[in-house]
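Numbering-wise (the numbering used here), the sequence shown opens with residue 1 and increments by one.
Note that beta-carbon positions come from the ideal geometry of N, C-alpha and C, so glycine has one too.
Fair warning: this is a prediction, and the values are worked out from it, not measured in the lab.
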Amino acid sequence: MIKVEFKYQQVAQALGEVSRRLGDMTPIHQDIGEYVVGATKDRFKKGTAPDGTAWTPKKQATIDRYKDRGDGDRPDPLIGPSKRLSSEIAHYADAQGVEIGSSLEYSAVMQDGAKQGAFGKSPRGGPIPWGDIPARPWLGLSEEDEANIIDIADEHLEQAFNLSGFNG
Numbered sequence: 001m002i003k004v005e006f007k008y009q010q011v012a013q014a015l016g017e018v019s020r021r022l023g024d025m026t027p028i029h030q031d032i033g034e035y036v037v038g039a040t041k042d043r044f045k046k047g048t049a050p051d052g053t054a055w056t057p058k059k060q061a062t063i064d065r066y067k068d069r070g071d072g073d074r075p076d077p078l079i080g081p082s083k084r085l086s087s088e089i090a091h092y093a094d095a096q097g098v099e100i101g102s103s104l105e106y107s108a109v110m111q112d113g114a115k116q117g118a119f120g121k122s123p124r125g126g127p128i129p130w131g132d133i134p135a136r137p138w139l140g141l142s143e144e145d146e147a148n149i150i151d152i153a154d155e156h157l158e159q160a161f162n163l164s165g166f167n168g
């Protein structure tokens, strides 16, 4: 058994304060959630997956269907008339972690794709979906995101040390 005893009251107090401040990870998780939501929304503007690859373009049949319904020319992948998927990305943070995603029921299909008919048939007997939907990963972390999340954690650690009065 190894026992460490601090003889310097200031160091012990500073480490105790840092430990107390980091006891609730909610602020770090909140900042990470805000960052990832912003980075994800930025990727919608670029039309890219977290790994930087471009999303599969929409098929002409899909674009034509938008036009036929009066929804205009919508060539950008994952951007429909309502733009809900690109705008309704949210996060929930607490002391244990952070969750990022969308409550839209089709968000997982857009992420993972689906084969024609994967969800059965419509009342008219047509396949749901009516054609193959390619996977277009919109949620995830890039290498840059990972580095920025580490920076967010580092900033919180630095702040915890600075506020504790510990200065080396």
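- Between the alpha carbons of L22 and E158 lies a gap of roughly 11 Å.
- Annotation: G131 to S82 spans about 21 Å, alpha carbon to alpha carbon.
- About 6 Å separates the beta carbons of P77 and K58, which is inside the 8 Å limit, making them a contact pair.
- The C-beta of R69 has fewer than 16 other C-beta atoms within 10 Å across all chains shown, which makes the residue exposed.
- If one requires a minimum length of 3 residues, the beta strand (DSSP E) runs lying completely within the segment 27-97 are 90-93, in chain order.
- Counting C-beta atoms within 10 angstroms of its own C-beta, T40 has 16 or more neighbours from the protein chains shown and is therefore classed as buried.
- Residues A54, W55, D76 and P77 of the same chain have their beta carbon placed closer than 7 Å to that of G47, with the five preceding and five following residues left out of the count.
- A check of alpha carbon separations from M25 across L85, G33, A95 and E88 identifies A95 as the nearest.
- Looking at the backbone, the Cα of G126 and that of I89 are separated by about 31 Å.
- In the structure shown, E144 adopts helical secondary structure according to DSSP, grouped into three states.
- Non-local beta-carbon contacts of G52 in its own chain, meaning distances under 7 Å to residues more than five positions away in sequence, involve S142 in chain order.
- In this structure P50 is buried. Its beta-carbon is surrounded by 16 or more other beta-carbon atoms within 10 angstroms.
- A distance of 9 Å or more separates the beta carbons of A93 and H156.
- Residue G38 holds the alpha-carbon nearest to the alpha-carbon of L139 among P27, D31 and G38.
- In the structure shown, the three-state DSSP call for A114 is strand.
- Contact annotation: I128 and Y35 have beta-carbon atoms that are not nearer than 9 Å.
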